[in-house]
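In mature numbering (1 follows the signal peptide of the UniProt record, and there is no 0), the protein residues as written are -20 to -1, 1 to 268. Even glycine gets a Cβ: it sits at the ideal position worked out from N, Cα and C.
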(Lines of atoms letter the chains of each structure in order from A and count residues from 1; the text may use other names and numbers.)
(Lines give C-alpha, C1' and ligand atoms only; values in the text may rest on other atoms or scores of the structure.)
Protein backbone atom coordinates (compact mmCIF):
# COMPACT_ATOMS: atom_id res chain seq x y z
CA UNK A 1 0.00 0.00 0.00
CA UNK A 2 1.29 3.41 -0.90
CA UNK A 3 1.90 5.99 1.81
CA UNK A 4 -0.87 8.60 1.92
CA UNK A 5 1.78 11.32 1.81
CA UNK A 6 2.52 10.32 -1.77
CA UNK A 7 0.37 11.36 -4.69
CA UNK A 8 -1.01 8.77 -7.02
CA UNK A 9 -1.69 10.64 -10.19
CA UNK A 10 -0.29 13.76 -11.88
CA UNK A 11 -2.72 16.49 -12.91
CA UNK A 12 -2.83 17.43 -16.53
CA UNK A 13 -3.22 20.96 -17.86
CA UNK A 14 -4.78 21.15 -21.28
CA UNK A 15 -2.83 22.97 -24.00
CA UNK A 16 -4.99 25.19 -26.18
CA UNK A 17 -4.81 24.95 -29.96
CA UNK A 18 -4.26 28.70 -30.24
CA UNK A 19 -1.65 30.71 -28.43
CA UNK A 20 -3.12 32.10 -25.20
CA UNK A 21 -2.18 35.31 -23.47
CA UNK A 22 0.67 34.39 -21.13
CA UNK A 23 0.11 36.86 -18.29
CA UNK A 24 -2.22 39.47 -16.83
CA UNK A 25 -1.90 42.36 -14.40
CA UNK A 26 -3.75 42.28 -11.09
CA UNK A 27 -4.06 45.50 -9.05
CA UNK A 28 -5.07 45.63 -5.39
CA UNK A 29 -5.53 48.44 -2.87
CA UNK A 30 -3.48 47.70 0.23
CA UNK A 31 -2.19 49.33 3.37
CA UNK A 32 -3.08 52.75 4.79
CA UNK A 33 -5.79 54.96 3.41
CA UNK A 34 -4.42 58.44 2.78
CA UNK A 35 -7.54 60.31 3.88
CA UNK A 36 -7.63 63.68 5.71
CA UNK A 37 -6.96 61.98 9.03
CA UNK A 38 -3.81 60.36 7.68
CA UNK A 39 -2.64 63.60 6.02
CA UNK A 40 -3.12 65.58 9.24
CA UNK A 41 -1.14 63.05 11.24
CA UNK A 42 1.74 62.99 8.74
CA UNK A 43 2.46 66.51 9.96
CA UNK A 44 2.22 65.39 13.63
CA UNK A 45 4.12 62.16 13.99
CA UNK A 46 5.08 63.22 17.52
CA UNK A 47 1.41 62.92 18.43
CA UNK A 48 1.33 59.28 17.20
CA UNK A 49 4.51 58.49 19.12
CA UNK A 50 2.67 59.58 22.27
CA UNK A 51 -0.70 58.08 21.35
CA UNK A 52 0.66 54.58 20.64
CA UNK A 53 2.75 54.16 23.80
CA UNK A 54 1.43 52.04 26.70
CA UNK A 55 -0.91 53.98 29.06
CA UNK A 56 1.50 53.86 31.99
CA UNK A 57 4.22 55.61 29.99
CA UNK A 58 2.11 57.71 27.62
CA UNK A 59 2.87 61.40 27.62
CA UNK A 60 -0.29 63.50 27.70
CA UNK A 61 -0.62 65.45 24.43
CA UNK A 62 -1.76 69.04 24.52
CA UNK A 63 -5.54 69.32 24.70
CA UNK A 64 -5.72 71.57 21.65
CA UNK A 65 -3.76 69.29 19.32
CA UNK A 66 -5.50 66.12 20.53
CA UNK A 67 -9.01 67.54 20.22
CA UNK A 68 -8.31 69.03 16.83
CA UNK A 69 -7.06 65.76 15.38
CA UNK A 70 -9.53 63.53 17.18
CA UNK A 71 -12.50 65.57 16.06
CA UNK A 72 -11.64 64.98 12.39
CA UNK A 73 -10.73 61.30 12.79
CA UNK A 74 -12.51 59.56 15.62
CA UNK A 75 -10.66 57.19 17.90
CA UNK A 76 -10.79 54.16 15.56
CA UNK A 77 -9.40 55.97 12.51
CA UNK A 78 -6.95 57.82 14.72
CA UNK A 79 -5.54 54.53 16.01
CA UNK A 80 -5.44 53.03 12.50
CA UNK A 81 -3.65 56.02 10.97
CA UNK A 82 -1.13 56.18 13.81
CA UNK A 83 -0.31 52.50 13.38
CA UNK A 84 0.70 53.39 9.81
CA UNK A 85 2.90 56.30 10.85
CA UNK A 86 4.61 55.03 13.97
CA UNK A 87 7.19 53.77 14.90
CA UNK A 88 9.77 55.97 13.24
CA UNK A 89 10.33 55.19 9.58
CA UNK A 90 6.82 53.89 8.98
CA UNK A 91 5.74 57.01 7.05
CA UNK A 92 7.58 55.99 3.88
CA UNK A 93 6.30 52.44 4.09
CA UNK A 94 2.76 53.61 4.69
CA UNK A 95 2.91 55.98 1.73
CA UNK A 96 4.03 53.17 -0.56
CA UNK A 97 1.49 50.72 0.84
CA UNK A 98 -1.37 53.11 0.31
CA UNK A 99 -0.83 53.19 -3.44
CA UNK A 100 -2.70 50.67 -5.58
CA UNK A 101 -0.16 47.94 -6.21
CA UNK A 102 -0.09 45.93 -9.43
CA UNK A 103 1.47 42.53 -10.02
CA UNK A 104 1.99 40.62 -13.24
CA UNK A 105 0.65 37.08 -12.91
CA UNK A 106 0.80 34.08 -15.24
CA UNK A 107 -2.34 32.92 -17.04
CA UNK A 108 -3.46 29.33 -17.33
CA UNK A 109 -4.30 27.86 -20.71
CA UNK A 110 -7.92 28.25 -21.70
CA UNK A 111 -10.61 27.00 -21.68
CA UNK A 112 -9.70 23.84 -19.70
CA UNK A 113 -7.49 24.20 -16.62
CA UNK A 114 -7.77 20.61 -15.42
CA UNK A 115 -8.88 17.31 -16.91
CA UNK A 116 -8.36 13.94 -15.22
CA UNK A 117 -10.32 10.95 -16.53
CA UNK A 118 -7.88 8.27 -15.25
CA UNK A 119 -7.46 6.69 -18.69
CA UNK A 120 -3.74 7.51 -18.90
CA UNK A 121 -1.00 6.30 -16.58
CA UNK A 122 0.50 9.80 -16.69
CA UNK A 123 -2.55 11.37 -15.04
CA UNK A 124 -3.06 11.54 -11.32
CA UNK A 125 -5.11 12.80 -8.40
CA UNK A 126 -3.78 13.73 -4.97
CA UNK A 127 -5.03 12.03 -1.83
CA UNK A 128 -4.86 14.04 1.36
CA UNK A 129 -5.89 13.07 4.88
CA UNK A 130 -7.65 9.73 4.98
CA UNK A 131 -9.33 7.85 7.82
CA UNK A 132 -10.01 4.13 8.07
CA UNK A 133 -8.99 3.61 4.45
CA UNK A 134 -7.65 0.31 3.11
CA UNK A 135 -6.33 1.57 -0.21
CA UNK A 136 -6.90 3.96 -3.07
CA UNK A 137 -5.79 3.58 -6.65
CA UNK A 138 -6.76 3.75 -10.28
CA UNK A 139 -8.38 0.49 -11.31
CA UNK A 140 -9.33 -0.84 -14.74
CA UNK A 141 -12.90 -2.10 -14.85
CA UNK A 142 -15.02 -0.93 -17.81
CA UNK A 143 -18.16 -2.26 -16.12
CA UNK A 144 -17.65 0.08 -13.15
CA UNK A 145 -16.13 3.18 -14.77
CA UNK A 146 -18.08 6.23 -15.83
CA UNK A 147 -15.64 6.68 -18.72
CA UNK A 148 -14.24 3.20 -19.44
CA UNK A 149 -11.93 1.55 -18.85
CA UNK A 150 -10.44 3.22 -15.72
CA UNK A 151 -11.70 4.93 -12.59
CA UNK A 152 -10.39 5.89 -9.15
CA UNK A 153 -11.44 3.79 -6.14
CA UNK A 154 -11.19 4.37 -2.37
CA UNK A 155 -11.76 1.27 -0.19
CA UNK A 156 -12.49 1.68 3.52
CA UNK A 157 -11.27 -0.59 6.29
CA UNK A 158 -13.94 -2.96 7.71
CA UNK A 159 -14.83 -2.27 11.32
CA UNK A 160 -16.65 -4.01 14.13
CA UNK A 161 -20.41 -3.88 13.47
CA UNK A 162 -22.24 -1.17 15.37
CA UNK A 163 -19.25 1.10 15.97
CA UNK A 164 -19.96 4.80 15.48
CA UNK A 165 -16.97 6.03 13.52
CA UNK A 166 -16.52 8.80 10.99
CA UNK A 167 -14.78 7.62 7.86
CA UNK A 168 -13.66 10.26 5.41
CA UNK A 169 -11.16 11.12 2.71
CA UNK A 170 -9.81 14.30 1.12
CA UNK A 171 -9.13 14.25 -2.60
CA UNK A 172 -7.66 17.44 -4.00
CA UNK A 173 -6.40 19.24 -7.07
CA UNK A 174 -3.93 22.09 -7.29
CA UNK A 175 -2.73 24.12 -10.26
CA UNK A 176 -2.98 27.28 -12.35
CA UNK A 177 -6.04 29.22 -13.52
CA UNK A 178 -6.85 32.62 -14.99
CA UNK A 179 -7.60 35.44 -12.51
CA UNK A 180 -11.05 37.08 -12.58
CA UNK A 181 -12.50 34.19 -14.57
CA UNK A 182 -15.61 32.05 -14.05
CA UNK A 183 -14.92 28.33 -13.61
CA UNK A 184 -16.89 25.18 -12.98
CA UNK A 185 -15.32 22.26 -11.10
CA UNK A 186 -16.96 18.91 -11.82
CA UNK A 187 -16.51 15.24 -11.04
CA UNK A 188 -18.56 12.05 -11.20
CA UNK A 189 -19.00 9.84 -8.14
CA UNK A 190 -20.76 6.65 -7.07
CA UNK A 191 -20.40 3.95 -4.41
CA UNK A 192 -21.02 0.26 -3.86
CA UNK A 193 -24.38 -0.86 -2.52
CA UNK A 194 -24.78 -0.99 1.25
CA UNK A 195 -24.17 -4.43 2.75
CA UNK A 196 -26.92 -3.74 5.28
CA UNK A 197 -29.72 -1.29 4.32
CA UNK A 198 -29.46 0.24 7.81
CA UNK A 199 -25.79 1.13 7.38
CA UNK A 200 -24.74 4.75 6.86
CA UNK A 201 -23.97 5.69 3.29
CA UNK A 202 -21.46 8.31 2.13
CA UNK A 203 -23.72 11.04 3.38
CA UNK A 204 -22.20 14.24 2.12
CA UNK A 205 -19.50 15.85 -0.01
CA UNK A 206 -17.94 19.17 1.02
CA UNK A 207 -16.42 21.07 -1.91
CA UNK A 208 -13.82 23.65 -0.79
CA UNK A 209 -12.22 25.90 -3.40
CA UNK A 210 -9.33 28.11 -2.31
CA UNK A 211 -7.15 30.66 -4.08
CA UNK A 212 -3.39 31.02 -3.79
CA UNK A 213 -1.21 33.85 -5.07
CA UNK A 214 2.28 32.35 -4.88
CA UNK A 215 1.81 28.97 -6.47
CA UNK A 216 0.13 25.56 -6.35
CA UNK A 217 -0.08 23.81 -2.99
CA UNK A 218 2.42 20.97 -2.56
CA UNK A 219 1.18 17.37 -2.51
CA UNK A 220 1.67 16.94 1.24
CA UNK A 221 -0.99 19.58 2.04
CA UNK A 222 1.52 21.79 3.85
CA UNK A 223 0.45 25.12 2.37
CA UNK A 224 3.22 27.67 1.94
CA UNK A 225 0.79 30.58 2.27
CA UNK A 226 -2.61 31.31 3.74
CA UNK A 227 -5.20 30.63 1.05
CA UNK A 228 -8.38 32.58 0.45
CA UNK A 229 -11.49 30.38 0.55
CA UNK A 230 -13.98 31.75 -1.95
CA UNK A 231 -16.22 28.68 -2.20
CA UNK A 232 -17.29 26.18 0.43
CA UNK A 233 -20.49 24.21 -0.09
CA UNK A 234 -22.11 20.86 0.51
CA UNK A 235 -22.98 18.89 -2.62
CA UNK A 236 -26.09 16.74 -2.83
CA UNK A 237 -27.53 14.17 -3.15
CA UNK A 238 -25.65 11.60 -1.07
CA UNK A 239 -23.45 9.21 -3.02
CA UNK A 240 -25.14 5.90 -3.89
CA UNK A 241 -24.83 3.24 -6.60
CA UNK A 242 -25.77 5.65 -9.41
CA UNK A 243 -23.09 7.67 -11.22
CA UNK A 244 -23.89 11.34 -10.60
CA UNK A 245 -22.22 14.53 -11.73
CA UNK A 246 -21.33 16.92 -8.89
CA UNK A 247 -20.21 20.47 -9.56
CA UNK A 248 -19.47 23.87 -8.08
CA UNK A 249 -19.03 27.18 -9.93
CA UNK A 250 -16.93 30.14 -8.80
CA UNK A 251 -14.98 33.18 -9.97
CA UNK A 252 -11.22 32.99 -9.44
CA UNK A 253 -10.94 36.70 -8.50
CA UNK A 254 -7.37 37.86 -8.04
CA UNK A 255 -6.09 34.33 -7.29
CA UNK A 256 -4.07 32.79 -10.15
CA UNK A 257 -3.69 29.34 -8.54
CA UNK A 258 -6.38 26.96 -7.34
CA UNK A 259 -6.46 24.48 -4.47
CA UNK A 260 -9.64 22.39 -4.57
CA UNK A 261 -10.67 19.79 -2.01
CA UNK A 262 -13.60 17.47 -2.42
CA UNK A 263 -14.11 15.86 0.96
CA UNK A 264 -16.27 12.74 1.39
CA UNK A 265 -17.74 11.75 4.74
CA UNK A 266 -19.30 8.54 5.99
CA UNK A 267 -20.39 8.49 9.62
CA UNK A 268 -22.88 6.53 11.69
CA UNK A 269 -23.69 3.02 12.72
CA UNK A 270 -22.42 0.27 10.46
CA UNK A 271 -24.37 -2.84 11.40
CA UNK A 272 -22.48 -4.87 8.81
CA UNK A 273 -19.09 -3.34 9.58
CA UNK A 274 -18.60 -2.72 5.84
CA UNK A 275 -18.33 0.79 4.38
CA UNK A 276 -19.15 1.01 0.65
CA UNK A 277 -16.21 1.69 -1.66
CA UNK A 278 -16.14 5.14 -3.29
CA UNK A 279 -15.55 5.64 -7.03
CA UNK A 280 -14.49 8.87 -8.79
CA UNK A 281 -14.16 9.59 -12.50
CA UNK A 282 -13.91 12.48 -14.97
CA UNK A 283 -12.58 15.27 -12.74
CA UNK A 284 -12.32 18.64 -14.49
CA UNK A 285 -11.97 22.38 -13.99
CA UNK A 286 -13.38 24.22 -17.00
CA UNK A 287 -13.54 27.89 -17.84
CA UNK A 288 -17.18 28.94 -18.09
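Beta-carbon contacts of residue 255 that lie in its chain and below 7 Å, excluding the five residues immediately before and after: Apart from sequence neighbours up to five positions away, the residues of its chain that approach residue 255 with a beta-carbon distance below 7 Å are 136, 147, 246, ordered along the chain.
Who are residue 153's beta bridge partners in DSSP? Beta-bridge pairing links residue 153 to 240.
For residue 9, is the classification buried or exposed, using 16 other Cβ atoms within 10 angstroms of its Cβ as the cut-off for buried? Since pLDDT at residue 9 reaches only 46, below the 50 mark, its modelled position is unreliable, and the value read off the structure follows with that caveat. Flag for residue 9 reads exposed.
Buried or exposed by the 16-neighbour rule on C-beta atoms within 10 Å, applied to residue 58: Within a 10 Å sphere around the beta-carbon of residue 58 sit 16 or more other beta-carbons, which makes this residue buried.
CA-to-CA distance, residue 207 to residue 36, given in whole angstroms: Note that residue 36 has pLDDT 39, beneath the 50 cutoff, so the model's placement of it is unreliable and no number is given.
With a Cβ-Cβ cutoff of 8 Å, do residue 264 and residue 118 count as a contact? No, the pair does not count as a contact, with Cβ atoms beyond the cut-off.
Helix, strand or coil for residue 249? Go by DSSP, reduced to three states. Three-state result, residue 249: strand.
In angstroms with no decimal places, state the Cα-to-Cα distance between residue 233 and residue 158. So the two alpha carbons sit approximately 9 Å from each other.
I need the DSSP call for residue 259, collapsed to helix, strand or coil. Residue state, collapsed to three classes: strand.
Excluding the 5 residues preceding and the 5 following residue 126 in the sequence, name in chain order all residues of the same chain whose CB lies nearer than 6 Å to its CB. Residues of the same chain with a CB within less than 6 Å of the CB of residue 126, apart from the 5 flanking positions on each side, are 168, 223, 261, 262 in chain order.
Could you tell me the alpha carbon to alpha carbon distance between residue 113 and residue 175, rounded to whole angstroms? For residue 113 and residue 175, the gap between their C-alpha atoms comes out near 17 Å.
Going along the chain, which residues of its own chain have a beta-carbon closer than 8 Å to the beta-carbon of residue 250, five neighbours each way excluded? Around residue 250, the same chain offers 139, 141, 142, 143, 145, 176, 179, 180 as residues with beta carbons nearer than 8 Å, after the five sequence neighbours per side are excluded.
Backbone secondary structure at residue 170 - three-state DSSP: Per DSSP, reduced to three states, the secondary structure at residue 170 is strand.
Note down the Cα distance separating residue 216 from residue 229, rounded to an integer number of angstroms. For residue 216 and residue 229, the gap between their C-alpha atoms comes out near 14 Å.
Name the DSSP beta bridge partners of residue 136, please? According to DSSP, residue 136 bridges with 113.
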